[in-house]
Structure formats: structure tokens, C-alpha cells
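Read left to right, the sequence shown gives residues 1 to 213 (UniProt numbering). Backbone N, C-alpha and C fix where the C-beta goes; we use that ideal spot for every residue, glycine too. It should be emphasised that the depicted structure is a prediction, and the values quoted were computed from it without experimental measurement.
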Amino acid sequence: MFKFGPKWLWSMAFSLMIAVLIYYLGLYVFHIQLSDSAAFVTILILSALFQIGRQTMEYTVWNVIPLVPDVDTLVSTKLRAGTFAACQTFTRKLTGAIGSAIIGWILAFGGFDKSLAVQIPAAQIAIMIAFIFIPLICLIYSLYLIRTFNLNPQTHKVVKAEMDRLQQGRQRGCGPETRAIVEDLTGYAYDEIWDVKNDHLYCQRQYRPADPD
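Below, the structure is given as C-alpha cells:
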């Protein structure tokens, strides 16, 4: 990740997984019949390629996560790495559970029967929706989203240096390159960062209506 950056790694990972899913889709759409040995080799190769993409994606995520809380700190002045880790863990487990349930519902709705060697046409369509179309849509959307993801070890060093400088009580003011990086990563104008009022919980406490007597 330190050599290529998360954007490049995610682009390669998503593209590889998309290519594998499109290949599977092509086999289904064009009714390509493979011999047992050819089917085994094809599935083995495609599964290996998909896992390479998936593991690259997940490896990159876990290396980016520790960098994110510093961006929040630069905006709100709060140190919330623990809160962020708890939220992302809860969200990951929740979405994983919801995703598994949705796949089960789709297969059940399509009439999938695990005891059958060959599924009915409706079940085959359900399998394609659950394991090809939905992942394809998610991966393509993810590929679109990472176009503007510019947090990497190099830009994080800039964020960390600016955060350390402000924590030492120094006045605002930085070079144009640092300003551009800070504004791109935070989504705030430079003059608006490092302000406790950017913390929504702080604002709720400050401006909460008084309780009636």
C-alpha cells in the first residue's frame, strides 16, 4: 500500500473481481457447456483470481482504517479513534448479517433446493441475482466512489503534521499544497478546520433547548 496507495490497490482489486463476475455471467448468458475437467479448472482459476482481488481489497481497508480518525481530529479537535473503530466494526458485522439474510431470501424466493443437482430456472436466476448481479452493482459503485479517495500514507503525513502543529497551539497558516490536501480530505475549507463546533455532539450540547420548569 505504501508504494501504490489504496486508490490504485482498490481499483485493481475491484476490476479483477468485476472481470471474474462478468466471465461467470458470460458462461451463463451464452449457455457455454464445459466438460467436467474444464469446468473444474475454470472454477479453480476464477475463484483464485476473485480471492486475490478480495484479499487485496480487505488488506487495503485494514491499512486505511487507522489513518481515518486523524482526519476527523483535524476537523473537530476530538480524539475518537476508539469510537470510530467501534462504529466500523458494528457496521461491518451488521451489513454482513443483512447481506447474508438478503441472499437467503432471494434464493428462497427463487425456489432454490440444496438437494437438487440441477436447479429449476427460477432458482438459477436467483443465484445469478444473488451472486453475480448484486456484487457487480456494488463493485462498480465502489469503483466509482474511490475516484475521489485521496487518503494514503503520503497525504496522511501532511494531515498528521498539520494536526500536530495545531495541537501545539500554533496559529493557522500553511503552504498551498498542505491547504489543498487538508481541504480535499476533510471536505472543509481550511479556515473551518480545527474547530470544536464541527463536532455535532458539541453543538447539540451547546444549543439544546432549556428544559421547561
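Is DSSP giving residue i helix, strand or coil here?
i, result
"SER115", "coil"
"GLY26", "helix"
"LEU185", "helix"
"TRP194", "coil"
"GLN124", "helix"
"GLN171", "coil"
"HIS31", "coil"
"GLY99", "helix"
"GLY110", "coil"
Can you name, in chain order, every residue of its own chain whose Cβ lies under 6 Å from the Cβ of residue i, other than the five neighbours on each side?
i, result
"ASN198", "VAL75 and SER76"
For residue i, count neighbouring Cβ atoms within 10 angstroms of its own Cβ and tell me buried if that reaches 16, exposed if not.
i, result
"VAL29", "exposed"
"GLY53", "buried"
"VAL71", "buried"
"THR89", "exposed"
"VAL41", "exposed"
"TRP62", "exposed"
"PRO121", "exposed"
Please go through the same chain and pick out, in chain order, the residues whose beta-carbon is closer than 7 Å to the beta-carbon of residue i, but skip the five residues on each side of it.
i, result
"LEU136", "ILE18 and LEU21"
"LEU185", "VAL71, ASN150, LEU151, THR155 and VAL159"
"ILE129", "ILE106"
"MET163", "ASP70, THR73 and LEU74"
Quick test of your reading: residue i and residue j, contact by CB under 8 Å. State the CB separation rounded to the nearest angstrom.
i, j, result
"LEU25", "LEU49", "The Cβ separation is near 15 Å, so there is no contact."
"ILE125", "GLY110", "6 Å"
"MET57", "TRP8", "Not quite, the Cβ-Cβ distance comes to about 12 Å (not below 8 Å), so this is no contact."
Going by the C-beta, is residue i closer than 6 Å to any heavy atom of the ligand HEM?
i, result
"GLY96", "As presented, the structure is devoid of all ligands, the ligand HEM included, so that no description of it is given."
For the alpha helix (DSSP H) holding residue i, just list the boundary residues, first then last.
i, result
"ASN63", "36-64"
"LEU145", "134-145"
"LEU74", "68-76"
"LYS3", "Looking at the DSSP string, LYS3 is not in any alpha helix (DSSP H), and its letter there is neither H nor E."
Looking at the C-beta of residue i, does it have a partner C-beta in chain B at a distance below 7 Å?
i, result
"ASN63", "No chain B appears in this structure, which consists of one protein chain only."
Here's a check: name, in chain order, each residue in its chain whose Cβ is nearer than 8 Å to the Cβ of residue i, leaving out the five neighbours to either side.
i, result
"ALA86", "none"
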